[in-house]
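Protein chains in written order, with my numbering: chain B, 71 to 205; chain S, 71 to 205.
By construction, the Cβ of each residue, glycine as well, lies at the ideal position given by its N, Cα and C atoms.
All values reported here derive from a predicted model rather than from experimental measurement.
A short write-up of the structure that comes next.
2 protein chains.
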Amino acid sequence: MHLIIDGYGGDPGRLWDSGLVERFLDQHPSSIGMTKIAPPEVHTYRGAQPGDWGVSGFVLIAESHISIHTFPAKAYLNVDIFSCKSFDTEASIAGITEDFALSRVDTLVLERGIDHLSAEQARAEVSQRRSGLTA
Amino acid sequence: MHLIIDGYGGDPGRLWDSGLVERFLDQHPSSIGMTKIAPPEVHTYRGAQPGDWGVSGFVLIAESHISIHTFPAKAYLNVDIFSCKSFDTEASIAGITEDFALSRVDTLVLERGIDHLSAEQARAEVSQRRSGLTA
Numbered sequence: 071m072h073l074i075i076d077g078y079g080g081d082p083g084r085l086w087d088s089g090l091v092e093r094f095l096d097q098h099p100s101s102i103g104m105t106k107i108a109p110p111e112v113h114t115y116r117g118a119q120p121g122d123w124g125v126s127g128f129v130l131i132a133e134s135h136i137s138i139h140t141f142p143a144k145a146y147l148n149v150d151i152f153s154c155k156s157f158d159t160e161a162s163i164a165g166i167t168e169d170f171a172l173s174r175v176d177t178l179v180l181e182r183g184i185d186h187l188s189a190e191q192a193r194a195e196v197s198q199r200r201s202g203l204t205a
Numbered sequence: 071m072h073l074i075i076d077g078y079g080g081d082p083g084r085l086w087d088s089g090l091v092e093r094f095l096d097q098h099p100s101s102i103g104m105t106k107i108a109p110p111e112v113h114t115y116r117g118a119q120p121g122d123w124g125v126s127g128f129v130l131i132a133e134s135h136i137s138i139h140t141f142p143a144k145a146y147l148n149v150d151i152f153s154c155k156s157f158d159t160e161a162s163i164a165g166i167t168e169d170f171a172l173s174r175v176d177t178l179v180l181e182r183g184i185d186h187l188s189a190e191q192a193r194a195e196v197s198q199r200r201s202g203l204t205a
């Protein structure tokens, strides 16, 4: 199960907060029943294009991972939560929306892996939601 | 641009080869014009379910990442290559197919981010390919 999140209208201060990103990667796995197999890795990126600057982070969980990339100048972030077992996607979406004060979240859930052989068969469930600022 | 790969029928020896996984994560970014912002991180996982054992790794590149999880007992692996700029997805697919001697590869390309506002609008291009063993 792979939850893909694109979040818009986030708070730039929170999106720049590498400590917040690290806490999210450190704490979110256990909150959805997953087990980290290594500590999170978080980097602040300031490359050639200021619009691309932001915070990137990653945590490995048992045969799966969570990644996050923030783009404060665009009030945008993306998150991937990929697990070999099912989890409460709504709880993840709500938590991320609140943590980063997102005004809009687009999500996609993919079923992947040996039990879901083809991309065509994969029951991709696209949902789109708008929510008011939650913080 | 997010390339999602599920690969089947891979060589178990290669799927267990953490050195091969690390070399892939170390070298693939530059081969498709991406820049690493940290060294790859690779872990071998042996948890409660032997069927889930395998090698997991990721590398952060500028505001994006590559992840890989192998499941040698299932001859399966998955790879995500996520970049804020476009890249040659065919070259990536061919390289991974060869590196791990995959017999079947299902792929999905998603356009994500601030320039592709809704999941509905995202031109998800699903392709499915079968290839003979290449190694």
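For residue i, the nearest candidate out of the options (CA to CA)
i: Phe170(B); options: Glu92(B), Leu73(B), Pro99(B); result: Glu92(B)
i: Ser173(S); options: Ala108(S), Ser134(S), His72(S), Ala145(S); result: Ala145(S)
i: Gly183(S); options: Lys155(S), Glu168(S), Ile163(S), Gly83(S); result: Lys155(S)
i: Thr105(B); options: Leu73(S), Ala161(S), Tyr115(S); result: Tyr115(S)
i: Asp87(B); options: Pro99(B), Ile74(B), His139(B); result: His139(B)
Any chain S beta carbon closer than 7 angstroms to residue i
i: Leu210(B); result: A question about residue 210(B) goes unanswered here, because the residues of chain B that appear run from 71 up to 205.
i: Ser173(B); result: no
i: Gly77(B); result: no
i: Asp169(B); result: no
i: Glu195(B); result: Unreliable positioning characterises Glu195(B) in this predicted model, as indicated by a pLDDT of 34, which lies under 50. A coordinate reading is not provided.
i: Gln191(B); result: For Gln191(B), the predicted model reports a pLDDT of 40, less than 50, meaning its position is unreliable; a value from the coordinates is still stated below. It does not; no Cβ of chain S falls within 7 angstroms.
Beta-carbon spacing of residue i, residue j below 7 angstroms
i: Val129(S); j: Pro110(S); result: yes
i: Leu85(B); j: Pro120(B); result: no
i: His113(S); j: Ile102(B); result: no
i: Ala132(S); j: Gly117(B); result: yes
i: Ser134(S); j: Ser153(S); result: yes
i: Asp150(B); j: Asp76(B); result: no
Distance, residue j Cα to residue i Cα
i: Gln97(B); j: Asp158(B); result: 15 angstroms
i: Gly80(B); j: Leu147(B); result: 8 angstroms
i: Leu95(S); j: Glu181(B); result: 24 angstroms
i: Met49(S); j: Leu178(S); result: Absent from the structure is residue 49(S), since the part of chain S shown begins at 71 and ends at 205.
i: Ser162(S); j: Pro99(B); result: 29 angstroms
i: Trp123(S); j: Tyr78(S); result: 16 angstroms
i: Gly166(S); j: Gly89(S); result: The sequence as given places Ile at residue 166(S); Gly does not occur at that position. The straight-line gap from Cα to Cα measures roughly 15 angstroms.
i: Tyr83(S); j: Glu168(S); result: The sequence given here has Gly at residue 83(S), not Tyr. The alpha-carbon atoms of Gly83(S) and Glu168(S) are separated by roughly 14 angstroms.
i: Glu160(B); j: Leu73(B); result: 10 angstroms
i: Gly127(B); j: Gly127(S); result: 13 angstroms
7 angstroms Cβ cutoff, residue i in contact with chain B
i: Glu181(S); result: no
i: Gly117(S); result: yes
i: Thr204(S); result: Because Thr204(S) carries a pLDDT of 29, less than 50, the predicted location of this residue cannot be relied on, and the following value inherits that uncertainty. Cβ-Cβ to chain B under 7 angstroms: no for Thr204(S).
i: Met71(S); result: no
Residue-chain proximity (residue i, chain C), Cβ-Cβ < 7 angstroms
i: Gly80(B); result: Absent from the structure: chain C. Protein chains present are B and S.
Contact test: residue i Cβ vs the ligand ZN heavy atom, cutoff 6 angstroms
i: Asp122(S); result: What this structure holds is no ligand at all, so the ligand ZN is not there to describe.
Using a Cβ-Cβ cutoff of 8 angstroms, what residues of the stretch 137-167 of chain B are near chain S? List them in chain order.
Ser137, His139, Phe141, Lys144, Tyr146, Asn148, Asp150, Phe152, Cys154
Chain B contacts from the stretch 79-107 of chain S (Cβ-Cβ distance under 9 angstroms): Thr105, Ile107
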